[in-house]
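Below is one structure, written out as C-alpha cells, with a few remarks after it.
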Ligand SMILES: *Cc1c(COP(=O)(O)O)cnc(C)c1O
Ligand SMILES: [Zn+2]
C-alpha cells in the first residue's frame, strides 16, 4: 500500500514541482529543500478534526490521514509510540516569568528521548514503503539515535555517521540499538557530507535532516498535537488556537499562541510551520501561531540572517555546548527563517550560560532537558525580558531532548553535591534549608 495523499514536492527556493519519485531529496536545480505536497481536498473528504480527535491511537500515527506515508503497521513496537508527548503546565516557571498561560511540551518522553523520533518514524515508514534497504543518517547524536532506535524496532539496517565529539550517552545509544556507527574525525557538517556521499555510492536511503523531505513531515506532527490540545483541551469546542475562549486552558490570550523552539539545522521549526500550514489549508485553523526560533549565540546562522532582514544564510564556525544545535551551515535554513518571519515570530540568541541556567530552571519544575532542549526556555526568558512576550500571552515551549543525553553538561548547570562523613552533625552543616 502506498500513501494516498502524497501528490509531489515543491522546491522552497525556485518553487519547481516534482512527481513523487521513490528517492527524491533536494531540488536538482538549486539544492533547495522540498515541501511535501498533499491532496487537501481528498483529506477533507474522509477526515475532520472530530474524527481525528475521536481516535484511540496515542502516538503521532493518529495523524496518519495528514501524513504522506501509508500505515506502517508495527503495532506494539517503539515505532508506534513516537509522538503524543505531554504538554505540562509548570506553575512555578509561569510565576517566575510573570506569565499566566505557559506550557512545556516535553519531547524527552519519546522512545529514544528526543524530538527526532518523529522524523525517524516517518522516514522508516517511508523506507519500508519504497522497499529501501539500508538507511543512513548524519547526526550530532539525537537524529542518529532516533533512526537507530526506530530501525531496530522494525528490524531495519541503519548506518550512523556522527562527529567523534558527540556526547558519550548519545554514542552509547547508537551502539546499543545495534546500528553500524561510524565516528567521523570532524564536525557535524563533515559527517553530513560524508553520509550523502556514502548513500550515493552504496545506494542507501538517506534520512539526513532537511535533505530528506519526510523529516519535516514527521516533525509537523508536534504542531498537530498542539493544535488538537488547544482545540479540544478547552470546554468550548470549535475555536482555533488564536482565539480559544473560556478556561481552561487559555482565558483571553492577548495575541496568537507563541511557540518557542530551539534551532540548529532548522528542520524542527520548519516542520512545525508546515504542520500549521497544513491545518490552515484544510480550513481547520484560522490563524498561524507565532513561531520563535532560539539559537545559541555561537551557532546563530539563521538568527543572523533574520536580524539582517535577509534570506541569505551565511555559514558560521559553530561553537556552543548545546551540541544538538551546533551547526555551521543549517540544512533547512531558508524554511526555518520563514517559519518565524511568516508567522509574526522572531529569532533570539542565547549564551551558553543562559542555556545552563535554563537547564537548572526546567529541572526545578521536574523537566530534565539537554542544553539544546533548554535553549528554547532560555529564549523565552529573554523574550519576556525584552517585552516580546507579555503576561497574557499563551506560550508553548518545546523541550526537544532529555537531560540524560548529556550528563556532563547537566553537571555544569548545578552545584556539586556535598560529600560528608556518615554522621548527623555533618548532615546539619550541609543542609541548604532550615530544619
Ligand atoms: C536536532 C535538535 C534540535 C534542533 O533541531 P533542528 O531541526 O536541527 O533545528 C534541538 N534540540 C534537540 C535536542 C535536537 O536533537
Ligand atoms: Zn529549486
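In the working numbering, the protein residues as written are 14 to 448.
Beta carbons are placed, not taken as given, at the ideal position from N, Cα and C, and that holds for glycine.
Residue-chain proximity (residue i, chain B), Cβ-Cβ < 9 Å
i	result
residue 334	The structure shown contains no chain B; it holds only a single protein chain.
As assigned by DSSP and simplified to three states, the class of residue i
i	result
residue 335	coil
residue 91	helix
residue 399	coil
residue 330	coil
residue 283	helix
residue 454	With the chain represented from 14 up to 448, any question about residue 454 goes unanswered, as that position is not in the structure.
residue 270	coil
residue 245	helix
residue 301	coil
residue 394	helix
residue 26	coil
residue 201	helix
residue 381	coil
residue 151	strand
residue 31	strand
residue 77	helix
residue 437	helix
residue 195	strand
Straight-line gap, residue i to residue j (C-alpha atoms, nearest Å)
i	j	result
residue 52	residue 360	32 Å
residue 123	residue 129	9 Å
residue 260	residue 242	Residue confidence for residue 260 is low, a pLDDT of 35 falling below 50, so the modelled location carries little weight and cannot support an answer.
residue 36	residue 22	12 Å
residue 230	residue 90	21 Å
residue 104	residue 301	26 Å
residue 448	residue 310	42 Å
Presumed contact (8 Å Cβ cut-off) between residue i and residue j, rounded CB distance
i	j	result
residue 155	residue 418	7 Å
residue 315	residue 288	Actually they do not touch by this definition, with Cβ atoms about 19 Å apart.
residue 158	residue 187	6 Å
residue 93	residue 74	6 Å
residue 131	residue 235	6 Å
residue 410	residue 389	5 Å
Near ligand 2: residue i beta-carbon under 8 Å from a heavy atom
i	result
residue 42	yes
residue 34	no
residue 219	no
residue 400	no
residue 136	no
residue 45	yes
residue 426	no
residue 29	yes
Where the beta strand (DSSP E) containing residue i begins and where it ends
i	result
residue 114	114-119
residue 362	359-363
residue 173	171-176
residue 48	47-51
Closer than 8 Å: residue i CB and nearest ligand 1 heavy atom
i	result
residue 340	yes
residue 234	no
residue 362	no
residue 380	no
residue 280	yes
residue 275	yes
Continuous alpha helix (DSSP H) stretch holding residue i: start and end
i	result
residue 226	Premise fails: residue 226 is in no alpha helix (DSSP H) and is neither H nor E.
residue 278	Segment: none, residue 278 is in no alpha helix (DSSP H) and carries neither H nor E.
residue 446	Run containing residue 446: none; DSSP gives neither H nor E here.
residue 317	314-321
Proximity test, residue i beta-carbon vs ligand 3 heavy atom, cut-off 8 Å
i	result
residue 133	No copy of ligand 3 appears in this structure; the ligands present are ligand 1 and ligand 2.
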